[in-house]
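K.L.:
Chains as they are written, first to last, in this note's numbering: chain L, 64 to 176; chain R, 558 to 792.
(1) Contact between the segment 95 to 110 of chain L and the segment 126 to 133 of chain L is defined here as three or more beta-carbon pairs at a separation below 8 angstroms; is this criterion met?
(2) Just to confirm my understanding: we take residue 738/R, look at its own chain, exclude 5 residues before and 5 after, and list those with CB closer than 7 angstroms. What are they?
(3) So the candidates are 630/R, 770/R, 616/R; which of them puts its Cα closest to the Cα of residue 646/R?
(4) Can you round the beta-carbon distance between residue 77/L and residue 173/L to whole angstroms, since I take them to be within the 8 angstroms contact cut?
(5) At what residues does the beta strand (DSSP E) containing residue 144/L begin and finish?
(6) Look at the Cβ atom of residue 726/R, then the Cβ atom of residue 709/R, and state whether they are nearer than 8 angstroms.
(7) Between residue 65/L and chain R, is there a C-beta pair that is closer than 8 angstroms?
(8) Using 8 angstroms as the limit for Cβ to Cβ distance, is residue 164/L near chain R?
(9) Just by C-beta distance, which residues in the segment 698 to 717 of chain R are closer than 8 angstroms to chain L?
(10) Please tell me whether residue 159/L has its Cβ less than 8 angstroms away from any Cβ of chain R.
(11) According to DSSP, is residue 593/R part of a helix, a strand, or is it coil?
(12) Return yes when the Cβ of residue 162/L is within less than 8 angstroms of the Cβ of residue 119/L, no when it is not.
(13) Should the segment 690 to 701 of chain R be regarded as contacting the segment 604 to 624 of chain R, the criterion being three or more beta carbon pairs within less than 8 angstroms?
(14) Report yes if the C-beta distance between residue 619/R and residue 785/R is below 8 angstroms; otherwise report no.
(15) What alpha helix (DSSP H) runs, 4 residues minimum, are completely inside the segment 679 to 763 of chain R?
(16) Exposed or buried, which one is residue 657/R when buried takes at least 16 other CB atoms within 10 Å?
(17) Return helix, strand or coil for residue 129/L, following the three-state DSSP convention.
(18) List the whole-angstrom C-beta distance separating residue 666/R from residue 632/R, where the pair is believed to meet the contact cut-off of C-beta under 8 angstroms.
(19) Going by DSSP in three states, residue 112/L sits in which element: helix, strand or coil?
(20) DSSP three-state call for residue 637/R: helix, strand or coil?
(21) Check residue 104/L in the structure and name its three-state DSSP category.
(22) Assign residue 703/R to one of two classes, buried (16 or more other C-beta atoms within 10 Å of its C-beta) or exposed (fewer than that).
(23) Under 7 angstroms Cβ to Cβ from residue 66/L, same chain only, skipping five residues before and after it: list those, please.
(24) Indicate whether at least one CB of chain R lies closer than 8 angstroms to the CB of residue 168/L.
(25) Tell me the residue span of the alpha helix (DSSP H) that contains residue 657/R.
(26) Please determine if the segment 139 to 155 of chain L and the segment 752 to 759 of chain R are in contact, where contact requires at least 3 C-beta pairs separated by less than 8 angstroms.
(27) For the ligand NAD, is there a heavy atom less than 7 angstroms away from the beta-carbon of residue 168/L?
(28) Quick one: which chain R residues come within Cβ less than 9 angstroms of residue 75/L?
(29) Who does residue 172/L pair with in a DSSP beta bridge?
(30) Mark residue 158/L as exposed unless 16 or more other C-beta atoms lie within 10 angstroms of its C-beta, in which case mark it buried.
(31) How would you list, in chain order, the residues of chain R whose beta-carbon sits under 7 angstroms from the beta-carbon of residue 72/L?
(32) Is the shortest distance between the beta-carbon of residue 126/L and the beta-carbons of chain R less than 8 angstroms?
(33) Could you check whether residue 623/R and residue 651/R sit closer than 8 angstroms to each other, using their CB atoms as the reference points?
(34) First and last residue of the alpha helix (DSSP H) that includes residue 70/L?
(35) If we call anything under 8 angstroms between Cβ atoms a contact, is residue 586/R one with residue 672/R?
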């Protein structure tokens, strides 16, 4: 359940940013959580609901972008989408890959008031 | 008066606005991990983060290593468990400096816990620091502690498809130790298959097979350790 630590970090980052902007409430938060980031969606939502109580994020609208996995085969130099870290290159079947997208774990923006 | 927070409107700006954040969620952990890394580098300490599921034999591997290499290398250990000091007691019995972190309900160590533990432990320079993470193949994968290398341990009683089931941990490790090889005749575990699966996740993963019971393969692990300590830093 590392999702709880993730949520706590988000609350921390968002609260600091809100205070830096001289605001007192967060109306919306936009996150980027890649498909290969290691965050389980259901656990995240469960932790989110519990942890935002009595924080400036309590009533915030949560928007999550979920970039799909994208890898480059370093032998064929082609890009292809992957669902799992062990997906092979569709051309050569190899695993000599560079992950380009899907590992994102970011707070993108806030709407504060 | 401000309808949102009840202030007199002097303290802060009112009105909806967008704040661009673009910050990594694990930023704080990563910053502290870099601080730990700097500490280790300055004191020439090789920090290794040992990760595995519970019961793969991490503590036994450490006990064996600490006893066998006593006098050859300097060691220090940080033990991570939810509860008890059992593991730290076992390490302490080998005469090695050790500290125990109890995470309570926490499922992983983070860089702040390590930073805190280092203050009390005061490890010697020119040494090896083993950080035995909480037995868990999922959560510790995301948290950099400031280690130089991450070592994932799997035992032959666990199933050779484990790298595929828990890919994140194998993806982020540099060495994989397959432990309890003395039990191979009794379990349906294929060394070839586990290697194949692990390399699918991480093509650069180095794999060493050991048995802490009969000592098989331990020399290769010790050579790996020594090569990491003695290798000059490439800049």
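Backbone N, C-alpha and C define an ideal beta-carbon position, used for all residues, glycine too.
As the structure is a computational prediction, the values presented were derived from the model and not from experiment.
P.N.:
To lay it out plainly:
(1) yes
(2) By 1-based counting over the second chain, the position of residue 738/R is 181. Cβ neighbours of residue 738/R beyond the five flanking positions: 713, 766, 767, 768, 773, 774.
(3) One-based indexing of the second chain puts residue 646/R at position 89. With distances taken between Cα atoms, residue 646/R lies closest to 616/R.
(4) The sequence position of residue 77/L within the first chain is 14, counting from 1. The sequence position of residue 173/L within the first chain is 110, counting from 1. With a Cβ gap of about 6 angstroms, residue 77/L and residue 173/L count as contacting.
(5) Looking up residue 144/L in the first chain gives position 81. Note, residue 144/L: beta strand (DSSP E), 142 to 145.
(6) The residue given as residue 726/R occupies position 169 in the second chain. The residue given as residue 709/R occupies position 152 in the second chain. For residue 726/R and residue 709/R, yes; Cβs fall inside 8 angstroms.
(7) As a first step, residue 65/L is located in the first chain; it is residue number 2 there, counting from the start. It does; some Cβ of chain R falls within 8 angstroms.
(8) The residue labelled residue 164/L in the question sits at position 101 within the first chain. Residue 164/L does not count as touching chain R.
(9) 698, 699, 700
(10) Locating residue 159/L in the first chain gives position 96, where the first residue counts as 1. Chain R, which has a Cβ nearer than 8 angstroms to the Cβ of residue 159/L, makes this yes.
(11) Walking along the second chain from the start, residue 593/R turns up at place 36. In the structure shown, residue 593/R sits in a helix (DSSP, three-state: H, G or I).
(12) The residue labelled residue 119/L in the question sits at position 56 within the first chain. The residue labelled residue 162/L in the question sits at position 99 within the first chain. No, Cβ-Cβ distance for residue 119/L and residue 162/L is not below 8 angstroms.
(13) yes
(14) Counting from 1 along the second chain, the entry for residue 619/R is found at position 62. Counting from 1 along the second chain, the entry for residue 785/R is found at position 228. No; because the gap between Cβ atoms is not below 8 angstroms, this pair is not in contact.
(15) 719 to 722, 724 to 728, 748 to 758
(16) If you number the second chain from 1, residue 657/R lands on position 100. It is buried - the Cβ of residue 657/R has at least 16 other Cβ atoms within 10 Å.
(17) For the purposes of this step, residue 129/L is taken as residue 66 along the first chain, with counting starting at 1. In the structure shown, residue 129/L sits in coil (DSSP, three-state: anything other than H, G, I, E or B).
(18) Position 109 of the second chain, counting from 1, holds the residue named residue 666/R. Position 75 of the second chain, counting from 1, holds the residue named residue 632/R. Going by Cβ atoms, the distance from residue 666/R to residue 632/R rounds to 18 angstroms, so no, they are not a contact pair.
(19) Here residue 112/L refers to the residue found at position 49 of the first chain. Reduced to three states, the DSSP call for residue 112/L is helix.
(20) As a position in the second chain, residue 637/R is number 80, starting the count at 1. Correct three-state label for residue 637/R: strand.
(21) Reading the first chain from its first residue, position 41 is the one you call residue 104/L. Here residue 104/L sits in helix by DSSP.
(22) Along the second chain, one-based indexing puts residue 703/R at 146. Buried.
(23) Counting from one through the first chain, the residue named residue 66/L turns up at place 3. Excluding sequence neighbours, residue 66/L sits near 102, 103, 106, 107, 110.
(24) For the purposes of this step, residue 168/L is taken as residue 105 along the first chain, with counting starting at 1. Yes, residue 168/L counts as interfacial toward chain R.
(25) Your numbering for residue 657/R matches position 100 in the second chain. Not the alpha helix (DSSP H): residue 657/R falls in the beta strand (DSSP E), residues 654 to 659.
(26) yes
(27) The ligand NAD is not part of the structure shown, which contains no ligands of any sort.
(28) The count along the first chain starts at 1 and reaches residue 75/L at position 12. Within 9 angstroms Cβ-Cβ: 585.
(29) Here residue 172/L corresponds to residue number 109 of the first chain, with the count starting at 1. Answer is 93/L, 577/R, bridged to residue 172/L.
(30) Your numbering for residue 158/L matches position 95 in the first chain. It counts as buried.
(31) Position 9 of the first chain, counting from 1, holds the residue named residue 72/L. Within 7 angstroms Cβ-Cβ: 582, 583, 585.
(32) Residue numbering aside, residue 126/L sits at position 63 when the first chain is read from its first letter. Answer no: the Cβ-Cβ gap between residue 126/L and chain R never drops below 8 angstroms.
(33) Start at 1 with the first residue of the second chain, and residue 651/R comes out as number 94. Start at 1 with the first residue of the second chain, and residue 623/R comes out as number 66. Yes; because the gap between Cβ atoms is below 8 angstroms, this pair is in contact.
(34) Taking the first residue of the first chain as position 1, residue 70/L is located at position 7. Unbroken alpha helix (DSSP H) run through residue 70/L: 66 to 83.
(35) As a position in the second chain, residue 586/R is number 29, starting the count at 1. As a position in the second chain, residue 672/R is number 115, starting the count at 1. No, these two residues do not count as a Cβ contact at 8 angstroms.
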